[in-house]
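J.: In our numbering, the protein residues as written are 137 to 215.
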Amino acid sequence: MSGDKPGLSYKARRRWSLVLLLIGLPAYIVAVVTIVNWLDRPPIWLELLVYVVLGVLWALPFKFVFRGVGKEDPDQNQN
Numbered sequence: 137m138s139g140d141k142p143g144l145s146y147k148a149r150r151r152w153s154l155v156l157l158l159i160g161l162p163a164y165i166v167a168v169v170t171i172v173n174w175l176d177r178p179p180i181w182l183e184l185l186v187y188v189v190l191g192v193l194w195a196l197p198f199k200f201v202f203r204g205v206g207k208e209d210p211d212q213n214q215n
């Protein structure tokens, strides 16, 4: 592992992205649906808007984790 780059390595970002997608996202969905169900049922357009906005907001704090994960490893030696 090279110490010249700050932040998470490529492998760490891949692992954290899997954890977030396989564990964090389903937990977030369950939490949002539970909270919306506690409230009185809003009109369908408002409920859809809430789900769309919250569906985008969950990923914003983790943008740095997902950045470049689908590309090949930049730290791997090219032979």
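For glycine and all other residues, C-beta sits at the position ideal for the given N, C-alpha and C. Predicted, not measured: the structure shown is a model, and the values here were computed from it.
Within a Cβ cutoff of 8 Å, which residues of the same chain sit near R177, ignoring the five residues on either side of it in sequence?
T.: E183
J.: What ranges does the alpha helix (DSSP H) occupy inside the region 175-211, keeping only unbroken runs of at least 4 residues that lie completely in it?
T.: Taking 4 residues as the shortest admissible run, the region 175-211 contains the following complete alpha helix (DSSP H) segments, listed from N- to C-terminal end: 180-193 and 199-202.
J.: Under DSSP, the alpha helix (DSSP H) around S153 begins and ends at which residues?
T.: Y146 to V155
J.: Determine the closest residue to Y164 out of A148, D209 and L193, with distance taken between C-alpha atoms.
T.: L193
J.: Measuring CA to CA, which of I180, S153, W181 and L190 is closest to V266?
T.: With the chain represented from 137 up to 215, any question about residue 266 goes unanswered, as that position is not in the structure.
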